[in-house]
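Per this note's numbering, the very first residue in the sequence shown carries number 1; after that it's consecutive.
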Amino acid sequence: MWQRNNGRAEEELQIKFTGYLIQAIRRTQRDYLKALYAYSNQETLTDTIFAVSQTLEQEVMERLPLWEKIESSALLYALKQLDERERYVFLARVLDKRPFDVIGVQLGLSYKGTAAVYYRAIRKLKKSIEGVNGYDI
Numbered sequence: 001m002w003q004r005n006n007g008r009a010e011e012e013l014q015i016k017f018t019g020y021l022i023q024a025i026r027r028t029q030r031d032y033l034k035a036l037y038a039y040s041n042q043e044t045l046t047d048t049i050f051a052v053s054q055t056l057e058q059e060v061m062e063r064l065p066l067w068e069k070i071e072s073s074a075l076l077y078a079l080k081q082l083d084e085r086e087r088y089v090f091l092a093r094v095l096d097k098r099p100f101d102v103i104g105v106q107l108g109l110s111y112k113g114t115a116a117v118y119y120r121a122i123r124k125l126k127k128s129i130e131g132v133n134g135y136d137i
């Protein structure tokens, strides 16, 4: 009745355990990939929502007049202190990046005249901002 252990039972147990281990690893891998896929879908949606909200904010800001976009009250005050021609030259140069000769043609000024108006506007802005905030620019 006693049988001699020739190592077969141990081998069979090892084979069954290896099969169990491989199956467990496959299931864990499948669960991990499912979770990663679900997370990436949520992350993409979050990125999309963030991008959409950013573009909506940009659209709203683009439609606002310049005076409502400026956050610095000192700069707003300084810009309002400039006369219309100085403000036009300054904003055309800074915001639209137009060259002095193009701005000059629109206003009937020479290149040097437009440059002089621009740099005079900058001096006035600096002086006005320093006066309001006490900052040294």
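Each residue gets a CB set at the ideal place from its N, CA and C atoms; glycine is no exception.
Check	Outcome
Straight-line Cα distance separating Thr114 from Arg123	14 angstroms
Alpha-carbon spacing of Glu10 relative to Phe17, whole angstroms	10 angstroms
Unbroken alpha helix (DSSP H) run spanning Lys80, endpoints	73 to 81
First and last residue of the uninterrupted alpha helix (DSSP H) at Leu107	100 to 107
Pair within 8 angstroms by beta-carbon distance, Ile145 and Ala121	Any question about residue 145 goes unanswered here, given that the chain covers just 1 to 137.
Pairwise C-alpha distance: Asp101 and Val94	14 angstroms
Beta-carbon separation (whole angstroms), Met87 vs Val117, contact threshold 8 angstroms	First, the amino acid is wrong: residue 87 is Arg here, not Met. Actually they do not touch by this definition, with Cβ atoms about 10 angstroms apart.
Three-state secondary structure (DSSP) of Asp96	coil
Secondary structure of Ser110, DSSP reduced to three states	coil
Spatial distance of Glu130 from Ala78 (CA atoms)	10 angstroms
Sequence-distant residues of its chain with Cβ nearer than 6 angstroms to Gln81 (five each side left out)	Ser128
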